[in-house]
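Below you'll find the structure, written out as structure tokens, and then a few comments.
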Amino acid sequence: MGTITSLLDIAQQALIADQEALNVTSNNVANQNTAGYTREVVNFQSVDAVTLSGSTFGSGVTASATSQRDRVLEQQVQQQTQIQAQSGALESALQQIQNIFGLSSTTNSASSTALGTATNSFFSSLSALASNPSDAATRQSVLAAANTLAGAFNSAANQLAQVSSSLNQQVASDVGQVNSLTTTIATLNAQITSLSPNADAGTLEDQRQLAITQLSQLVGLDQISTENNGITLTTNGGAVLVSGSQSFAVSTAQVAGTTHILAGVDGQDVTSNLTGGDLGGVLQARDQQLPTYQNALDSLAYGIGTQVNQQNALGVDASGNPGAVLFSLPPTQSGAAAQIQVATTNPNAVAAAALREGSAGNANATALADLSSANVAGGQTASGFLASFLGQIGSDISAATTNNSAQQATLTQLTTQRDSLSGVSLDEEASNLTQYQRAYQAAAQVFNIANSVIASALNLGVETTVT
7 MGTITSLLDI AQQALIADQE ALNVTSNNVA NQNTAGYTRE VVNFQSVDAV
57 TLSGSTFGSG VTASATSQRD RVLEQQVQQQ TQIQAQSGAL ESALQQIQNI
107 FGLSSTTNSA SSTALGTATN SFFSSLSALA SNPSDAATRQ SVLAAANTLA
157 GAFNSAANQL AQVSSSLNQQ VASDVGQVNS LTTTIATLNA QITSLSPNAD
207 AGTLEDQRQL AITQLSQLVG LDQISTENNG ITLTTNGGAV LVSGSQSFAV
257 STAQVAGTTH ILAGVDGQDV TSNLTGGDLG GVLQARDQQL PTYQNALDSL
307 AYGIGTQVNQ QNALGVDASG NPGAVLFSLP PTQSGAAAQI QVATTNPNAV
357 AAAALREGSA GNANATALAD LSSANVAGGQ TASGFLASFL GQIGSDISAA
407 TTNNSAQQAT LTQLTTQRDS LSGVSLDEEA SNLTQYQRAY QAAAQVFNIA
457 NSVIASALNL GVETTVT
């Protein structure tokens, strides 16, 4: 009877194991569209054999589920996510700057932009004045062109300031999301440590890894595995974000109108060395690219304004007085594009004549018009400097777009590798369902046979007495 009983036990274990396998497969199918879900596989393991009277007998099977995850590959995906998110954020910011100046992938001519047109129109108006210095309408056209030029500088500078303000707001928004995710990760760390300190925690680990991936889209991370299946997260600069069951909130502070980021146990300023993720790209655009463009725009506005003022001061206006400044400017070039204004509303203030030429002369108007070919900024003419400046913006956005496409392709490749291991394949699960179903049916048949044998033994071969 012991042998028949063991047969029943083995059949029962097989039924339980196959039922577990069917449950795991069903769960995989149910979660095929669940973000962050890692496919589970069934591990069948033979129970230790038993030796009786010199003969060895099998004792059945057990089944357990294991998540198919590759921690190295997951970290590669996480790191590439940080790189791609930074390149994407930088590209997005540069596209905003490109739009300010009216550039596009097909049009990057400086003369076709609002600023280029205003610059050319201003110097053209001075050339017209040199041809007709006594004409009041021509003098008025010079002031109108000067106002248009100043307005173009003001508009571009204000829009750059708006982009900077928008990036500051984005920093604050990203920081709020970072804190929400680090709190979630710390909570999951505590649950995993409590429930599964020495083995894969299945769904809880899926949730934690998904949160880490989402965090990687926001900020550059370094990940350290700790005891009891925990994880410590720091910024690339070493500021702790999560340690065990504790998260350390990131905060912001305003420094000279710019949003800085404070992180770590002591709340250190990590703005200058924070890379990766959306925050890394936003900071790169705000603190590196944008100041370069603002400085170039200021340099051009200050250069044109200063040169025109100096030349106008050398001439005589229509009233016979020494020429005064045409453009009001700040003491230095910093902020010149935002602050440049036409200093007069009197068209007679344009000093078209040279000294001792008489107020009806045109020598100084000619000299003013000739400034279009003089080096006014960075050792270049106004049109040359503007072309170089806008060309640099175009080059930067092109490089950012190319880099982001390359980083996205790499991320897609790594994600595909991970999903081939950890993702759910419906074809594979359908095959598994058929396999485990037949195994269950076979184990059930063994159970029926064992039951029939027992019935025969109890009834001394009379099958109809006990069934």
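According to the working numbering, the residues represented by the sequence shown are 7 to 473, in order. Note that beta-carbon positions come from the ideal geometry of N, C-alpha and C, so glycine has one too. Note that the coordinates shown come from a computational prediction; the quantities given were computed from them, not determined experimentally.
Asked, Found
"Let me know the secondary structure DSSP gives E363 once reduced to three states.", "coil"
"Enumerate in chain order the residues of its own chain whose CB-to-CB distance from A27 is below 7 Å, with the five nearest sequence positions on each side excluded.", "V48, A69, Y442"
"Helix, strand or coil: how does DSSP classify S222 here?", "helix"
"Could you say which of T416, S340, S127, A262 lies nearest to S93 if we only look at CA atoms?", "T416"
"Within 8 Å, do at least three Cβ pairs link the stretch 213 to 229 to the stretch 79 to 86?", "yes"
"At 3 residues or longer, and completely inside the stretch 199 to 247: list those beta strand (DSSP E) runs for me, N to C.", "227 to 232, 236 to 241"
"Return helix, strand or coil for P353, following the three-state DSSP convention.", "helix"
"Helix or strand or just coil, what does DSSP make of M7?", "Confidence at M7 is low in this model, with a pLDDT of 40, below 50, so its placement is unreliable and the value that follows should be read with caution. In the structure shown, M7 sits in coil (DSSP, three-state: anything other than H, G, I, E or B)."
"Can you give me the C-alpha to C-alpha distance between V2 and Q88, rounded to a whole angstrom?", "Since the first and last residues shown for the chain are 7 and 473, residue 2 lies out of range."
"Please classify I272 as buried or exposed, where buried requires at least 16 neighbouring CB atoms within 10 angstroms.", "Note that residue 272 is Asp in the sequence shown, not Ile. Exposed is the call here."
"At the level of alpha carbons, what is the spacing between L96 and T298?", "14 Å"
"Does A388 come out as helix, strand or coil in the three-state DSSP assignment?", "helix"
"So, for S73: in the same chain, excluding its five sequence neighbours on each side, which residues have a beta-carbon less than 6 Å away from its beta-carbon?", "T44, E46, D206, G208"
"Who does T72 pair with in a DSSP beta bridge?", "V47"
"With Q260 as the anchor, note down where its beta strand (DSSP E) starts and where it stops.", "257 to 261"
"Among residues of its own chain, excluding the 5 on either side of N34, which ones have a beta-carbon nearer than 7 Å to its beta-carbon?", "R45, E46, V430, E435"
"Whose CA, out of L166, A150, T189, lies closest to the CA of S127?", "A150"
"Decide if V53 is buried, meaning its Cβ has at least 16 other Cβ atoms within 10 Å, or exposed.", "exposed"
"Tell me whether the beta-carbon of L155 lies closer than 7 Å to the beta-carbon of A124.", "yes"
"Please state if the CB of G309 and the CB of N318 are separated by a distance shorter than 7 Å.", "no"
"Would you mind reading off the limits of the alpha helix (DSSP H) that contains I346?", "Where I346 is concerned, there is no enclosing alpha helix (DSSP H), given that its DSSP letter is neither H nor E."
"If we require 4 or more residues per run, which alpha helix (DSSP H) segments fall completely within the stretch 78 to 149?", "120 to 137"
"Can you tell me the Cα-Cα spacing of M7 and T421, whole angstroms?", "In this predicted model, M7 has a pLDDT of only 40, less than 50, meaning its place in the structure is not dependable; the value taken from the coordinates is given anyway. Answer to the nearest angstrom: the Cα atoms are 56 Å apart."
"Quick one: any contact between the stretch 441 to 458 and the stretch 36 to 43, if contact means 3 or more CB pairs under 8 Å?", "no"
"Contact check, Q300 vs L166 under 8 Å by CB: the rounded distance?", "5 Å"
"Are A158 and A120 touching if we call contact CB-CB under 7 Å?", "yes"
"Quick check on DSSP: helix, strand or coil for F333?", "strand"
"For Q339, name the three-state secondary structure that DSSP assigns.", "coil"
"Between which two residues does the beta strand (DSSP E) harbouring Y269 extend?", "Reading the sequence as shown, one finds Ala at residue 269 and not Tyr. Its beta strand (DSSP E) spans residues 264 to 269."
"State the Cα-Cα distance for the pair L21 and V56, rounded to the nearest angstrom.", "20 Å"
"Pull the bridge partners of D275 from the DSSP assignment, please.", "L268"
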